[in-house]
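These notes concern the structure reproduced below.
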Amino acid sequence: MPFIPMRGTSTRRLATLALALTGAGFFHLLSLPLPFLFGPMTACLLAALAGMPLKGMGAISVLARTILGVAVGASITPEVVVRIPQMMGSVALVPVYVVLIGLVGVPFFRRLGYDPVTSWYAAMPGGLQDMVIFGTEAGGDGRALALIHATRVLVIVTLAPMILTGLYGAGLTGAVGAPARDLPLQELTLMALAAVAGWKGAERIGMFGASILGPMIVTAALSLTGLIHTRPPAEAIWAAQLFIGLGIGVQYVGVTLRELRSFILSGLAFVTLLAVMAAAFTEIVTLSGLAHPIEGFLAFAPGGQAEMTVLALVAGADLGFVILHHLTRIVVVIMGAPVAARLLSVKRPQK
1032 MPFIPMRGTS TRRLATLALA LTGAGFFHLL SLPLPFLFGP MTACLLAALA
1082 GMPLKGMGAI SVLARTILGV AVGASITPEV VVRIPQMMGS VALVPVYVVL
1132 IGLVGVPFFR RLGYDPVTSW YAAMPGGLQD MVIFGTEAGG DGRALALIHA
1182 TRVLVIVTLA PMILTGLYGA GLTGAVGAPA RDLPLQELTL MALAAVAGWK
1232 GAERIGMFGA SILGPMIVTA ALSLTGLIHT RPPAEAIWAA QLFIGLGIGV
1282 QYVGVTLREL RSFILSGLAF VTLLAVMAAA FTEIVTLSGL AHPIEGFLAF
1332 APGGQAEMTV LALVAGADLG FVILHHLTRI VVVIMGAPVA ARLLSVKRPQ
1382 K
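Quick note: the sequence shown, position 281, residue 1312 per the working numbering, numbers continuous.
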């Protein structure tokens, strides 16, 4: 009997993967942008809202994220390191950006009727999983947090490519990587080892964002010492996009009409406020000469780190610049949100 749930889970995962692949194939045939990201995301989102019992891919999805960590690490070259002091002017604005989001977001969610803890962690522009875990442990509404943050990521990932092409004239046809057959076997092996060793090593020491940051650190060391000179192969980046898109879509499995009206609409309204603040900071860094328009937009777009990495790759943006800003944002939120919540005595009211 204990094997029945396992078999059911495996079947649901295979069905979800087949649906994601179908979505990717459909978008590819129609020559739609980012087919390996948007195809799976759209297919899984629609199926989830239709009530299909989809299932996320678990450790496989986490493994796929390590590919993006390797891609970022491979982009950290001696030339990028030399330029880091030049980026500090715009990086210094990131904590200000996070504080302003909190000052606007927490009262916004409180006015909508959410309790203090849920309002606090719903407003924080951190990673989806981190904010849900922190908020739930503090006594917040985990389901509300999951859907609000999933909606934030979904909207940003959907609208950002349109803004990049329509407003900034960016092409989303940047080469994400060379085919695997064109890369040296030695470098492919080193990147694979960096992905797994970096992920598991970072996980063991309790590093946040271990699946991306661990591989990034190990690969950056390999890049800076001249052992690798390329990004992961295109096929690996496409696979990472597919599992990211799938993961966004399945967040909406089991959504009820009440949740659709309250949590998701709250998330949509909050994204509108985030968009205004992101646009303001993009203008500040662009007009002050701290960043080019595309890099400035991607650096302050409040999406997930993995999703912004994908967009930076396909837009041909300065990956080091974009990721340094998102990494700073995540660090500020992950380390600052729980501490600030305790200092400000943010607690769920006792019933």
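Glycine residues also receive a C-beta, built at the ideal position from the N, C-alpha and C atoms. Bear in mind the structure is a predicted one, so any value in this text is a computation, not a measurement.
Closest in alpha carbon position to Gly1208, among Ile1179, Val1103 and Leu1305, is Val1103. One thing to note: Met1339 has its Cβ no nearer than 7 Å to the Cβ of Gly1100.
Per the coordinates, the alpha-carbon of Gly1166 lies some 12 Å from the alpha-carbon of Val1364. Per DSSP, reduced to three states, the secondary structure at Gly1335 is coil, with no helix or strand assignment. Residue state for Phe1239 is assigned as coil, using DSSP reduced to three classes. The C-beta distance from Ile1243 to Ala1181 rounds to 18 Å, too long to meet the 8 Å contact threshold. Every alpha helix (DSSP H) of 4 residues or more that sits fully in the region 1295 to 1378 is shown, in chain order, as 1296 to 1318, 1324 to 1331, 1336 to 1346 and 1350 to 1374. Between Val1111 and Gly1351 a beta carbon distance of about 4 Å is seen, short of the 8 Å cut, so the two are scored as contacting. Residue state for Arg1292 is assigned as helix, using DSSP reduced to three classes. In its chain, beyond the 5 residues on either side, Phe1328 have a beta carbon closer than 8 Å to the beta carbon of Ile1194. Put simply, of Val1302, Phe1057, Leu1214 and Pro1333 the residue whose alpha carbon is nearest the alpha carbon of His1356 is Pro1333. The region 1271 to 1287 and the region 1174 to 1193 touch, with three or more beta-carbon pairs separated by less than 8 Å.
Only buried fits Ser1106, as 16 or more other CB atoms lie within 10 angstroms of its CB. When the beta-carbon positions are compared, Leu1255 and Pro1064 stay at least 7 Å from each other. Here the alpha carbons of Arg1292 and Ser1150 stand approximately 17 Å from one another. About 4 Å separates the beta carbon of Thr1097 from that of Ala1226, a gap short enough to meet the 8 Å contact definition. Between the region 1303 to 1316 and the region 1068 to 1077 there are fewer than three C-beta pairs closer than 8 Å, too few to call the two in contact. For the pair Ile1315 and Gln1117, the Cα-to-Cα distance works out to about 16 Å. Ranked by how close their Cα comes to the Cα of Leu1214, the residues Ala1343, Gly1237, Leu1178 and His1260 have His1260 in first place.
Between Ala1123 and Val1129, the alpha-carbon positions lie close to 11 Å from each other. Around the beta carbon of Pro1138, fewer than 16 other beta carbons sit within 10 angstroms, so the residue counts as exposed. In the three-state reduction of the DSSP assignment, Ser1150 falls in the helix class. In the three-state scheme derived from DSSP, where H, G and I count as helix and E and B as strand, His1260 is classed as coil. A straight-line Cα-Cα distance of about 7 Å links Gly1056 and Pro1066.
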